[in-house]
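*Asks:*
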Amino acid sequence: MLTINLLLFFLPGSRFFSLKTFLLRLAGVKIGKNVRLMNIKVQGKNLKIGDNTFIGDETNIISGDSFISIGSNCDISSRVSIVTGTHEIGTINKAAGIGYSKDIVIGNGVWIGFGAIILSGCSIGNGSIIGAGSVVRSDIPSGVLAAGNPAVVKKTLYS
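Here's what the structure looks like:
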């Protein structure tokens, strides 16, 4: 995966979408049709990206031992982090305890704003919007705008 990430890094961000998806498929990532990837970094092959999804520059997707599912027709802005790993709270001598990971599911038609962070064990429902800079650490239902740290529902989008 390191070699593929290096190749992805040096390819121009706005071109070579087919080559980028081909390289990630070689590494075991499941990618749908018409996916556009800018300069992203992927760690782990436990990743599925649906059709017609865009992922912006400097986005980090780290699946570890768990699975990340990104739906179809999603728009994920630049500098977003999607990370399955976390830690238990340890002791006073070492605050970060035993590490573990949980799956992340991002539904269809989701829009994730610039610099958002999606943490371990979360799901984001279909058609939802996550505001720029938000930290998602719990489930977000379908059809809502969520923002903040932690991200909370601010508005229902569709009636």
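Heads up: the sequence shown begins at 982 in the working numbering, then just goes up one per residue. For glycine and all other residues, C-beta sits at the position ideal for the given N, C-alpha and C. All values reported here derive from a predicted model rather than from experimental measurement.
#1: Below 9 Å between beta carbons: does that hold for lysine 1083 and threonine 1065?
#2: Decide if isoleucine 1079 is buried, meaning its Cβ has at least 16 other Cβ atoms within 10 Å, or exposed.
#3: Jot down the residue ranges of each uninterrupted beta strand (DSSP E) in the stretch 1024 to 1112, minimum 3 residues, whole runs only, in chain order.
#4: Once the 5 residues before and after serine 1119 are set aside, which same chain residues still bring their CB inside 6 Å of it?
#5: Determine the DSSP secondary structure at leucine 1138, reduced to helix, strand or coil.
#6: Nearest to alanine 1113 by CA position, among Phe1095, Leu1126, Ser1101, Ile1105, is which residue?
#7: So what's arginine 1006 in DSSP terms, helix, strand or just coil?
#8: Starting from alanine 1127, trace the beta strand (DSSP E) both ways and give me its first and last residue.
*Replies:* The relevant details are as follows:
#1: Yes, these two residues count as a Cβ contact at 9 Å.
#2: With fewer than 16 neighbouring CB atoms inside 10 Å of its own CB, isoleucine 1079 falls in the exposed class.
#3: The qualifying runs are 1028 to 1030, 1041 to 1043, 1049 to 1051, 1062 to 1064, 1066 to 1070, 1077 to 1082, 1085 to 1087.
#4: Once the five neighbours on either side are set aside, serine 1119 has no close Cβ partner at all.
#5: It is coil, neither helix nor strand.
#6: For the residues Phe1095, Leu1126, Ser1101, Ile1105, the minimum Cα distance to alanine 1113 belongs to Phe1095.
#7: Three-state result, arginine 1006: helix.
#8: Element bounds for alanine 1127: 1125 to 1128.
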